[in-house]
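Counted from 1, the sequence shown has number 173 at position 171 by this note's numbering; the numbering is strictly sequential. Data block below; observations after.
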Amino acid sequence: MATPTQYAIVGSGNIGSALARLFARAGIEVNLANTRGPESLLPFAASLGPSVHAVALEEALGSEVILMAIPFPAVEQFGKSRGDWTGKTVVDTTNAYFTPNADEILQGRLSTQYAAEHLPGAEVVKAFNQLPANTLAAELAPEVGKRVIFIATDSPEAGDRVAKLVGDLGLAAVQLGRIDEGGRLIQARNSLVLRNLIERPLH
Ligand SMILES: NC(=O)c1ccc[n+]([C@@H]2O[C@H](COP(=O)([O-])OP(=O)(O)OC[C@H]3O[C@@H](n4cnc5c(N)ncnc54)[C@H](OP(=O)(O)O)[C@@H]3O)[C@@H](O)[C@H]2O)c1
Numbered sequence: 003m004a005t006p007t008q009y010a011i012v013g014s015g016n017i018g019s020a021l022a023r024l025f026a027r028a029g030i031e032v033n034l035a036n037t038r039g040p041e042s043l044l045p046f047a048a049s050l051g052p053s054v055h056a057v058a059l060e061e062a063l064g065s066e067v068i069l070m071a072i073p074f075p076a077v078e079q080f081g082k083s084r085g086d087w088t089g090k091t092v093v094d095t096t097n098a099y100f101t102p103n104a105d106e107i108l109q110g111r112l113s114t115q116y117a118a119e120h121l122p123g124a125e126v127v128k129a130f131n132q133l134p135a136n137t138l139a140a141e142l143a144p145e146v147g148k149r150v151i152f153i154a155t156d157s158p159e160a161g162d163r164v165a166k167l168v169g170d171l172g173l174a175a176v177q178l179g180r181i182d183e184g185g186r187l188i189q190a191r192n193s194l195v196l197r198n199l200i201e202r203p204l205h
């Protein structure tokens with residue numbers, strides 16, 4: 003049996019498409035899925051080149067690292083797509099900010115704490131949620147520097163895994179620590195959200 007592609011993006015809207023563009027630019031293999039099936043994604047995947055594969059949701063869920071790029075209200079339903087998420091790293095790109103009944107849903111929890119409760123067994127990493135999708139996907143000339151992506155997680159190993167991915171995508175990872183510590187700063191719309199920071203080498 004073929005080894006499953008290591009990375010998957012679930013959600014092909016604004017943020018899922020932006021992530022797919024980053025993977026394509028870096029030449030990193032990734033599965034891309036949505037609710038409508040792979041046929042709906044074939045033209046877009048083909049336009050990005052050979053590293054982006056349009057797949058069914060079930061196949062995407064076989065990947066080790068799953069970038070969850072779906073609306074916040076869909077998180078609960080998405081969590082039910084596997085009974086046990088053990089062995090999976092789920093990257094939470096969602097923001098609850100525009101969800102009308104967010105306070106009622108969150109009941110004082112951070113949005114990624116809520117997501118983790120619906121992904122039992124997963125190592126959940128909050129990342130790629132802090133910038134507008136078009137900013138995230140915009141290419142920077144090397145002399146300008148690398149766009150900063152903040153990462154927060156309660157699993158240091160998963161944080162390192164996602165930081166490596168961020169670096170491989172040509173971006174600069176800044177790990178902020180636990181979800182309830184640094185992760186709070188990237189909960190929309192706290193202080194590090196919508197901050198388009200660029201890392202430059204020290205001189
Ligand atoms: N838009 C931004 O600039 C931005 C920036 C940072 C973070 N975010 C966050 O990123 C998340 C996605 O935002 P977006 O603007 O990309 O949304 P979007 O354009 O509406 O796209 C949502 C995608 O999620 C898919 N989806 C919905 N429920 C699903 C489920 N249960 N299983 C699998 N796929 C599912 C949809 O599938 P179909 O295509 O089949 O309908 C669609 O492809 C949100 O939580 C948002 O807060 C957005």
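We treat Cβ as the ideally placed atom computed from N, Cα and C, and that holds for glycine.
Distances between the C-beta of Gly-15 and the heavy atoms of ligand 1 include at least one below 6 Å.
Not a single heavy atom of ligand 1 lies less than 6 Å from the C-beta of Val-93.
Of all alpha-carbon atoms in Leu-34, Gln-115, Gln-8, Pro-73, the one lying nearest the alpha-carbon of Gly-89 is that of Gln-8. Taking 7 Å as the cut-off, the Cβ atoms of Val-150 and Ala-124 do not count as close. For ligand 1, no non-hydrogen atom lies closer than 6 Å to the CB of Ala-129.
With a threshold of 6 Å, the Cβ atom of Asn-103 does not count as near ligand 1, since no heavy atom of the ligand is closer than that. In the three-state scheme derived from DSSP, where H, G and I count as helix and E and B as strand, Lys-166 is classed as helix. Looking from the CA of Trp-87, the closest CA among Ile-188, Pro-122, Asn-103 belongs to Pro-122. In this structure, DSSP gives Glu-159 a helical state, which the three-state scheme calls helix. Here Pro-75 has Thr-101 as same chain residues with Cβ atoms under 7 Å from its own Cβ, once five neighbours each way along the sequence are excluded. The continuous beta strand (DSSP E) containing Ile-11 extends over residues 9-12.
Secondary structure note for Ala-47: its alpha helix (DSSP H) is the uninterrupted segment 44-50. In this structure, the C-beta of Val-126 stays at least 6 Å away from each heavy atom of ligand 1. Taking 6 Å as the cut-off, one finds at least one heavy atom of ligand 1 near enough to the beta carbon of Asn-97. Inter-residue distance for Leu-43 and His-205 is about 44 Å (C-alpha atoms, whole angstroms). Counting only residues of its own chain and dropping the five nearest sequence neighbours on each side, Arg-191 has a CB closer than 7 Å to the CB of Tyr-99. Two segments are said to touch when three or more pairs of C-beta atoms, one from each, lie closer than 8 Å; by this definition the stretch 49-56 does not touch the stretch 66-73. Burial is judged here by how many other beta carbons sit within 10 angstroms of a residue's own beta carbon; Ser-193 has fewer than 16 and is exposed. Relative to ligand 1, even the nearest heavy atom lies 6 Å or more away from the CB of Pro-45.
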